[in-house]
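In what follows, a single structure is set out as structure tokens and then discussed.
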Amino acid sequence: MKFKTLIAFLFVSSIFTAVNAQQSNIGLGGEISFPSGNSSNASAIGLGGYLKAELGLSSKFSLTASGSISNFFGKRFFGAKSPSRAYAPVKAGLKYYTTENFYLEGQLGAAIPLNQGVKTAFAWSPGIGTYIKTRGSENKIDIGLRYEGWTSSSVVNSNKTTTFSFIGVRLGYVFGL
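First residue of the sequence shown: 3, per my numbering; consecutive thereafter.
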């Protein structure tokens, strides 16, 4: 048992102490979102922008913090239009690099509504992405894909939760620090 614990400790230590290729940067860009499941009944598409900071912990792991603005346009049903909804999601998470330019990411946080009468929701999002290096600089193009959900208690029944979910596609520019 002690041997297995020692091996696990050495493995984790090697991941977090390999600092030769840390990723620390700031990125900003645009997003397009496609509501999924029941969320697609309220909106067909969302647009927004984001700002994300990344602090390298090791060659494989980074901490992330992001803020964005997302607007989901209301959908028209039989002459009536559902209202558009705007949110400011604020999240933090962990990014894992499988290769130098490909990553897996998970973030948690809050989706703060910018409209009246809507509750703040718990935001969660797993995703993947890749960097494309630009010529003549260390800056990169970031292309990402994620599933995101905003879970909150129901307005009608506080014992039930609802989740507004969507697939987000991100395109941004990343500045190295």
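Virtual Cβ for every residue (Gly too), placed ideally from N, Cα, C.
query: Alpha carbon of S86 to alpha carbon of Q118, nearest angstrom; result: 11 Å
query: Classification of G81 by the beta-carbon crowding that lies within 10 angstroms, buried from 16 upward; result: exposed
query: Nearest-angstrom beta carbon gap, G146 and P130 [assumed within contact, 8 Å]; result: Contrary to the premise, residue 130 reads as Ile rather than Pro in this sequence. Their Cβ separation, rounded to whole angstroms, is 7 Å, which keeps I130 and G146 in contact under 8 Å.
query: Length of the line joining the Cα atoms of K83 and A44; result: 9 Å
query: Straight-line gap, S70 to S167 (C-alpha atoms, nearest Å); result: 16 Å
query: Residue nearest to P115 in terms of C-alpha spacing, selected from T66, K54, V92 and F79; result: V92
query: For F124, the first and last residue of its enclosing beta strand (DSSP E); result: A123 to K135
query: Chain C contact for L110 (CB, 7 Å cutoff); result: Within the model displayed, chain C is absent; a lone protein chain is all it includes.
query: Rounded straight-line distance, which links the Cα of A125 to that of G76; result: 20 Å
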